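Taken in order, the sequence shown gives residues 82 to 299; the numbers are from this note's numbering.
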Amino acid sequence: MISPKQFFTIVPNTINMNIRSELFYVNEFTFMVAVILSAQATDKKVNEVTPELFRIAPTPQKMLALGLDELKKHIRVISFFNNKAKNIIALAEKLADINTDNDNFIFPKKYHNRNELVKLPGVGQKTANVVMNVLWGAPMIGVDTHVFRLCHRYGWVGPAANTPDKVESELIKIIPKKYHAITNHVMVLFGRYTCTALRPKCEKCPLSALCDYNKGAK
Ligand code: SF4
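Listed below in structure tokens is the structure:
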């Protein structure tokens, strides 16, 4: 079985750690919008629509000026676009008082706090974790589909950890603290390109010799 320590000693050396997220964004507001759009949608799909959307509406004020109906047109290929559009407009209303300089939206320090972020429309625990982790390097573990699958696959958590929140509580205990800030990033990229849901690429995996999951497949 692969231990968390072995995983985080080996895998970060095999991926590009400079890319903090594969979502396209131009400032902190657009990153939050991109993360909201990515719920139950792939980063690739989100990245198909966001360059044009963020060119027109990179700030809360400009998102409000775009308006709900136009926003829906931009994101209609993304799952649950109706709800997501409503949340993004509500989010923009909430943040509209924050000054921006040349479209460079930066969250005031009071938002560098999960309890504050989850009060924002459309921002759940996972979104807050990813935002804090990617934008500010906070040691939060955002549990998305890849993190969820991998830690079950490696036996790091048991069947009782059947929600992202429960998985996060377990991972915080078993992954050494020094790796928390990179946990989501490393596991997402490894899960997306190597240890994939279907047909994981075991033949070129750096963990192959340690992994029990692939024994049955050999
Ligand atoms: S050997 Fe296969 S199943 Fe095991 S970690 Fe690597 S890709 Fe995943």
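Even glycine gets a Cβ: it sits at the ideal position worked out from N, Cα and C. A quick note: this is a predicted structure, and the numbers were derived from the prediction, not measured.
Contacting residues, own chain, Cβ-Cβ under 7 Å from residue 278 (five flanking each side not counted)
Within the sequence shown, the letter at position 197 stands for residue 278. Taken in chain order, the residues that qualify are 230.
Where residue 298 falls: helix, strand or coil (DSSP)
The count along the sequence shown starts at 1 and reaches residue 298 at position 217. Only weak support is given to the placement of residue 298: the predicted model assigns it a pLDDT of 48, under 50, and the question is left unresolved by the model.
Taking one C-beta from the segment 277-297 and one from the segment 252-269 each time, how about it: are there three or more such pairs within less than 8 Å?
no
Give the secondary structure of residue 182 by DSSP, where H, G and I count as helix, E and B as strand, and everything else as coil.
One-based indexing of the sequence shown puts residue 182 at position 101. Reduced to three states, the DSSP call for residue 182 is strand.
Less than 6 Å separating the Cβ of residue 275 from some heavy atom of the ligand SF4?
On the sequence shown, residue 275 is found 194 positions in, with the first residue counted as 1. Checking the Cβ of residue 275 against the ligand SF4 gives yes.
In or out: residue 245 buried (at least 16 other Cβ within 10 Å) or exposed?
Locating residue 245 in the sequence shown gives position 164, counting from the first residue. Flag for residue 245 reads buried.
Helix, strand or coil at residue 237 according to DSSP, with G and I counted as helix:
Indexing the sequence shown from 1 puts residue 237 at position 156. Coil at residue 237, not helix or strand.
Can you tell me whether residue 295 sits near the ligand SF4, meaning its C-beta is under 6 Å from at least one heavy atom of the ligand?
As a working mapping, residue 295 is identified with position 214 in the sequence shown. Residue 295: yes, Cβ under 6 Å from the ligand SF4.
Ends of the alpha helix (DSSP H) at residue 266?
The residue given as residue 266 occupies position 185 in the sequence shown. From DSSP, the alpha helix (DSSP H) with residue 266 extends over 261-274.
Verify the contact flag: residue 281, CB atom, against every heavy atom of the ligand SF4, threshold strictly below 6 Å.
The sequence position of residue 281 within the sequence shown is 200, counting from 1. Flag set: Cβ of residue 281 near the ligand SF4.
Residue of 188, 117 and 85 minimising C-alpha distance to residue 159:
Position 78 of the sequence shown, counted from the first residue, corresponds to residue 159. Residue 159 has its Cα closest to that of 117, out of 188, 117 and 85.
Exposure label - residue 249; buried when at least 16 CB within 10 Å:
Counting from one through the sequence shown, the residue named residue 249 turns up at place 168. Buried: at least 16 other Cβ atoms inside 10 Å.
Which first and last residues belong to the alpha helix (DSSP H) in which residue 195 is found?
Locating residue 195 in the sequence shown gives position 114, counting from the first residue. Element bounds for residue 195: 195-198.
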